[in-house]
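Visitor: Going down the list, the sequences are from chains H and V.
Here the first sequence stands for residues 1 to 381, where the numbers follow my numbering.
Here the second sequence stands for residues 1 to 299, where the numbers follow my numbering.
We put the CB at the ideal spot given by N, CA and C, even for glycine.
Dropping the structure in here first, questions after.
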Amino acid sequence: MAATSMAAALAASLPAPSAAPAPAAPTYEAIPASMSKVIDIEAEIPLTFVQLDGMVVTKILKHAREAPSTTAHGLLLGLDLDGVLEVSNSFPLPHHGGDEDDRSSKSVARYQASMLRSLKEVQADDSVVGFYQATSLGAFFNQTLVDTQAIHQDKLRHGGVVIVHDLSQTARGNASFRAFRLTAAFLSAYKKSNFSTTSLVNHSLTFSSILEEVPLKIRTNPLLSSFINTLTQPSQSSVLGSDGELGAGTTGSTIPPSFARLDYGTAGLTRNLEQIVEAVDNYRTEEGNLAYLSRQIARERAKADNYVAKRKEENATRVAQGLAPLPEEDVARLFKIPAEPSRLESMLLLGQIDAYGKSLAGTASTGLVKMYAAKAGSGRD
Amino acid sequence: MPLGPSSSAIHVQSNAPGSTPNTIRVPTSVTVHPVALFSILDHYLRRTDAQDRVIGTLLGTRTETEVEVRSSFAVLHSETSEQVAVDMEYHRTMYELHHKVNPKEVIVGWYSTGSNLNTYSALIQNFYSQETAPHQAIHLAVNTGVEEGEQAGVKAYVSSPVGVFPKPENCVFVPVPVELRFHDAERSGIDLLTTTASASNSTSNQPVSDLEIMEQSIQTVLQMLDRVLGYVQAVLAGEKKGDTAIGRYLMDTLGASTDDLEKSGFNASLQDTLMISYLANLVRSQAEVASRLALAAAS
Numbered sequence: 001m002a003a004t005s006m007a008a009a010l011a012a013s014l015p016a017p018s019a020a021p022a023p024a025a026p027t028y029e030a031i032p033a034s035m036s037k038v039i040d041i042e043a044e045i046p047l048t049f050v051q052l053d054g055m056v057v058t059k060i061l062k063h064a065r066e067a068p069s070t071t072a073h074g075l076l077l078g079l080d081l082d083g084v085l086e087v088s089n090s091f092p093l094p095h096h097g098g099d100e101d102d103r104s105s106k107s108v109a110r111y112q113a114s115m116l117r118s119l120k121e122v123q124a125d126d127s128v129v130g131f132y133q134a135t136s137l138g139a140f141f142n143q144t145l146v147d148t149q150a151i152h153q154d155k156l157r158h159g160g161v162v163i164v165h166d167l168s169q170t171a172r173g174n175a176s177f178r179a180f181r182l183t184a185a186f187l188s189a190y191k192k193s194n195f196s197t198t199s200l201v202n203h204s205l206t207f208s209s210i211l212e213e214v215p216l217k218i219r220t221n222p223l224l225s226s227f228i229n230t231l232t233q234p235s236q237s238s239v240l241g242s243d244g245e246l247g248a249g250t251t252g253s254t255i256p257p258s259f260a261r262l263d264y265g266t267a268g269l270t271r272n273l274e275q276i277v278e279a280v281d282n283y284r285t286e287e288g289n290l291a292y293l294s295r296q297i298a299r300e301r302a303k304a305d306n307y308v309a310k311r312k313e314e315n316a317t318r319v320a321q322g323l324a325p326l327p328e329e330d331v332a333r334l335f336k337i338p339a340e341p342s343r344l345e346s347m348l349l350l351g352q353i354d355a356y357g358k359s360l361a362g363t364a365s366t367g368l369v370k371m372y373a374a375k376a377g378s379g380r381d
Numbered sequence: 001m002p003l004g005p006s007s008s009a010i011h012v013q014s015n016a017p018g019s020t021p022n023t024i025r026v027p028t029s030v031t032v033h034p035v036a037l038f039s040i041l042d043h044y045l046r047r048t049d050a051q052d053r054v055i056g057t058l059l060g061t062r063t064e065t066e067v068e069v070r071s072s073f074a075v076l077h078s079e080t081s082e083q084v085a086v087d088m089e090y091h092r093t094m095y096e097l098h099h100k101v102n103p104k105e106v107i108v109g110w111y112s113t114g115s116n117l118n119t120y121s122a123l124i125q126n127f128y129s130q131e132t133a134p135h136q137a138i139h140l141a142v143n144t145g146v147e148e149g150e151q152a153g154v155k156a157y158v159s160s161p162v163g164v165f166p167k168p169e170n171c172v173f174v175p176v177p178v179e180l181r182f183h184d185a186e187r188s189g190i191d192l193l194t195t196t197a198s199a200s201n202s203t204s205n206q207p208v209s210d211l212e213i214m215e216q217s218i219q220t221v222l223q224m225l226d227r228v229l230g231y232v233q234a235v236l237a238g239e240k241k242g243d244t245a246i247g248r249y250l251m252d253t254l255g256a257s258t259d260d261l262e263k264s265g266f267n268a269s270l271q272d273t274l275m276i277s278y279l280a281n282l283v284r285s286q287a288e289v290a291s292r293l294a295l296a297a298a299s
């Protein structure tokens with residue numbers, strides 16, 4: 001079975017240049033009749049939702065907070081059963097710099113393989129079902145995410161999912177996890193690596209149709225539930241515990257209730273605005289590049305057209321004079337018309353701007369509610 | 001935030017003035033991150049039938065007197081009535097893997113489920129003490145609470161040799177206070193899990209909008225105010241004897257000044273917030289229009 005996990009690891013390793021070896025055919029035990037409906041070996045039952053285990057929630061939270069950059073990412077492990085993708089474990093991937101040389105990608109693949117092997121030995125799930133990515137202020141659109149997910153969607157069962165965790169929203173008091181996968185339209189454009197304007201129009205792609213969201217649920221297993229409930233139980237020895245009625249709050253419990261989300265802080269707003277300005281700037285630069293390239297294309301094309309027209313004229317006069325016409329096919333050789341630029345980058349940037357705007361609007365609206373709540377609390381409205 | 005049932009143990013720290021500054025001090029408190037705890041529970045769930053308890057390695061950071069357990073991983077081991085075996089090679093491999101991602105975390109000790117300490121515990125403790133030398137290894141005993149009559153909880157121990165000629169299989173486990181600790185930013189994640197755990201089917205849907213979360217919080221605050229009001233009225237009516245400590249707390253909490261808000265602060269802030277809301281929506285519609293225009297350009 002080690003071969004299977006190895007194959008899965010290689011398949012999941014993002015830059016894996018060579019095609020992953022075909023997984024060794026596992027031997028199936030007879031499936032009980034009660035389960036035969038829900039287990040699909042061929043992955044035919046479509047996914048209805050993703051179920052995230054409580055432990056994975058804390059693992060992602062911890063990794064996302066501690067990672068040196070905001071782009072913490074790791075692999076999700078689990079199983080799919082009757083259309084539910086159960087994510088039961090995860091592990092972080094080592095952080096590597098922007099330049100992905102061959103050596104570091106190889107070491108990541110090695111890391112994955114040996115991690116999966118090790119997890120298997122202690123009866124943990126060892127099949128990769130996707131990856132997670134931390135983000136801040138909702139802007140998770142970037143090239144790496146799209147590339148990785150495209151590889152996964154090709155190689156994993158059910159295509160895998162990417163779970164996006166928003167760090168800034170969590171800090172504001174609303175832990176947020178969302179599951180995504182690439183849409184079929186985007187994938188088909190991506191496979192041809194053709195993001196010219198016509199291709200975009202054909203697939204009717206905008207930034208909002210790159211990813212589709214898969215419903216996500218959080219689940220805690222019974223053992224974890226009971227343990228957490230014990231932790232939130234108030235202990236008897238608190239100061240106010242003597243008064244049964246008023247002390248019935250959860251004073252003294254290990255996890256007391258928190259009201260930090262009612263804080264009226266606007267610390268994140270400035271950062272958010274800065275991010276928007278930055279993203280808009282990037283977008284402008286990118287648009288400028290695109291415009292420059294399309295002007296260049298137009299210029300080259302006009303030159304080529306001119307040349308062809310001239311050649312035709314010349315040929316017409318030569319035919320009239322009774323001479324053999326000059327060949328016309330060397331146009332393509334003489335004039336290099338550049339390929340139409342990819343609009344993927346600008347599309348992703350627009351997606352980022354939109355996400356920043358959305359997060360800003362969210363902060364503003366909760367801010368309004370908090371302000372009115374505080375005003376009502378002051379008692380003189 | 002203590003973890004587990006309260007104990008009557010007094011934690012005495014020997015702080016003899018004569019001790020040389022070079023000696024490593026015994027940790028006086030242990031904090032545990034939820035990740036480590038939940039991983040242990042998960043490992044316990046996935047044990048084989050033959051296993052009575054599971055053990056694993058604790059990773060974390062240590063200061064002079066405090067050990068912070070940040071994560072944990074499972075280690076293979078087998079126990080019979082004659083012998084105990086721990087897969088040390090596995091332990092090393094896993095540690096190296098973890099070290100690659102999180103170089104700050106080092107081995108601080110080991111965990112086991114169940115709360116009974118025996119000779120094997122002492123032997124394993126001896127092994128881990130070699131791993132953590134020159135510091136002392138800590139032992140975390142996690143009671144999962146599945147056995148009847150036992151309450152779930154966590155206890156931490158350090159070991160100290162016993163006997164005239166110390167032997168590895170003999171040691172005294174000295175309890176150390178243990179607490180649950182997580183970063184403030186992770187708070188909402190823990191809240192999410194607690195609400196999930198108390199839901200009837202142990203699942204909750206995501207994503208929840210910010211406003212819904214806010215509504216829940218405000219509802220809770222309203223409930224608390226109602227409870228306080230009920231109590232105060234009962235005291236005023238003479239039905240109940242007032243507690244001066246509670247009265248003091250209430251005064252401190254409810255007497256907060258809102259002067260700033262009542263002057264021009266509210267309106268100024270309101271304008272700012274509305275402005276930002278407007279700007280955000282403007283940006284979003286611009287982005288949407290731009291993406292549509294890109295599609296329309298060729299047709």
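Among the residues of its own chain, which have a CB less than 8 Å from the CB of Asp354/H, if the five just before and after it don't count?
Guide: Phe207, Ser208
Visitor: Identify whether Lys370/H lies in helix, strand or coil by the three-state DSSP scheme.
Guide: helix
Visitor: What does the alpha-carbon distance come out to for the pair Val176/V and Trp110/V?
Guide: Rounded to the nearest whole angstrom, the CA to CA distance from Val176/V to Trp110/V is 14 Å.
Visitor: For Val172/V, count neighbouring C-beta atoms within 10 Å of its own C-beta (all shown protein chains included) and say buried if the count is 16 or more, exposed if not.
Guide: exposed
Visitor: Residues of chain V with CB closer than 7 Å to the CB of Glu121/H, please, in chain order.
Guide: Leu76, Tyr90
Visitor: For Gly153/V, does the three-state DSSP call read helix, strand or coil?
Guide: strand
Visitor: I think Ala280/V touches Gly357/H, with their Cβ atoms under 8 Å apart; what is that distance to the nearest whole Å?
Guide: 5 Å
Visitor: Quick check: Ser188/V and Ala361/H, are their CB atoms within less than 8 Å of each other?
Guide: no
Visitor: What in chain V is Cβ-close to Thr58/H, meaning under 7 Å?
Guide: Pro34, Val35, Phe38, Gly189
Visitor: Strictly under 8 Å for the Cβ-Cβ distance: is Gly145/V near chain A by that measure?
Guide: No chain A appears in the structure shown, which is made up of the protein chains H and V.
Visitor: Let me know if Asn174/H comes out buried or exposed under the rule of 16 or more other beta-carbons within 10 Å of its beta-carbon.
Guide: Buried, by the Cβ-count rule.
Visitor: With 16 as the cutoff for other CB atoms within 10 Å, does Val289/V come out buried or exposed?
Guide: exposed
Visitor: Mind checking if Ile213/V is an interface residue toward chain H, Cβ cutoff 8 Å exclusive?
Guide: yes
Visitor: Report whether the distance from the Cβ of Thr196/V to the nearest heavy atom of the ligand NAD is below 7 Å.
Guide: What this structure holds is no ligand at all, so the ligand NAD is not there to describe.
Visitor: At which residues does the beta strand (DSSP E) containing Gln153/H begin and terminate?
Guide: Not the beta strand (DSSP E): Gln153/H falls in the alpha helix (DSSP H), residues 143-155.
Visitor: Quick check: is the beta carbon of Ala388/H nearer than 8 Å to any beta carbon in chain V?
Guide: Residue 388/H lies beyond the range of chain H shown here (1 to 381); nothing can be said about it.
Visitor: Can you find a C-beta in chain H that's less than 8 Å from the C-beta of Arg284/V?
Guide: yes
Visitor: Below 7 Å CB to CB, which residues in the same chain sit around Tyr95/V once its five sequence neighbours on both sides are set aside?
Guide: Thr57, Ile107
Visitor: Comparing C-alpha positions only, which one of Met371/H, Asn289/H, Leu187/H sits nearest to Asp263/H?
Guide: Scanning Met371/H, Asn289/H, Leu187/H for the CA closest to the CA of Asp263/H turns up Met371/H.
Visitor: What's the gap between the Cα of Leu145/H and the Cα of Met251/V?
Guide: If you take the alpha carbons of Leu145/H and Met251/V, they lie about 52 Å apart.
Visitor: Could you check what DSSP says for Gly98/H in three-state terms: helix, strand or coil?
Guide: Confidence at Gly98/H is low in this model, with a pLDDT of 49, below 50, so its placement is unreliable and no value can be given for it.
Visitor: Tell me which residues share the same chain as Ala150/H and place their Cβ nearer than 7 Å to its Cβ, disregarding the 5 neighbours each side in the sequence.
Guide: Leu182, Leu187, Tyr190
Visitor: Nearest to Val162/H by alpha carbon, out of His63/H, Phe177/H, Pro341/H?
Guide: Phe177/H
Visitor: Do Val50/H and Leu273/H have their CB atoms nearer than 8 Å?
Guide: no
Visitor: With a threshold of 16 other CB atoms inside 10 Å of the CB of Phe91/H, please say whether the residue is buried or exposed.
Guide: That one is buried.
Visitor: Given a threshold of 16 other Cβ atoms within 10 Å of its Cβ, counted over all protein chains shown, does Ser18/H qualify as buried or as exposed?
Guide: Confidence at Ser18/H is low in this model, with a pLDDT of 38, below 50, so the placement of that residue should be treated as unreliable; the coordinate-derived value is given next. Flag for Ser18/H reads exposed.
Visitor: Using Cβ-Cβ distances below 9 Å, what residues of the stretch 171-186 of chain H are close to chain V?
Guide: Ala171, Arg172, Gly173, Asn174, Ala175, Ser176, Phe177, Arg178, Ala179
Visitor: Can you tell me whether Pro27/V is buried or exposed? The criterion is at least 16 other CB atoms within 10 Å of its CB, across all chains shown.
Guide: Flag for Pro27/V reads buried.
Visitor: I'd like the list of long-range same chain contacts for Asn289/H, defined as Cβ closer than 8 Å, with 5 residues on each side in sequence excluded.
Guide: Here Asn289/H has Pro341 as same chain residues with Cβ atoms under 8 Å from its own Cβ, once five neighbours each way along the sequence are excluded.
Visitor: Leaving out the 5 sequence neighbours to the left and right, which residues in its chain are closer than 7 Å to Lys240/V when beta-carbon positions are compared?
Guide: Non-local C-beta neighbours of Lys240/V in its own chain, meaning closer than 7 Å and more than five positions away in sequence, comprise Ala234, ordered along the chain.
Visitor: Can you find the residues in the same chain that come closer than 8 Å, C-beta to C-beta, to Glu286/H, ignoring five residues on each side of it along the sequence?
Guide: Glu345, Ser346, Leu349
Visitor: Rounded C-beta distance between Leu52/H and Ile297/H? I'm assuming under 8 Å.
Guide: That belief does not hold up - the Cβ atoms of Leu52/H and Ile297/H are roughly 47 Å apart, past 8 Å.
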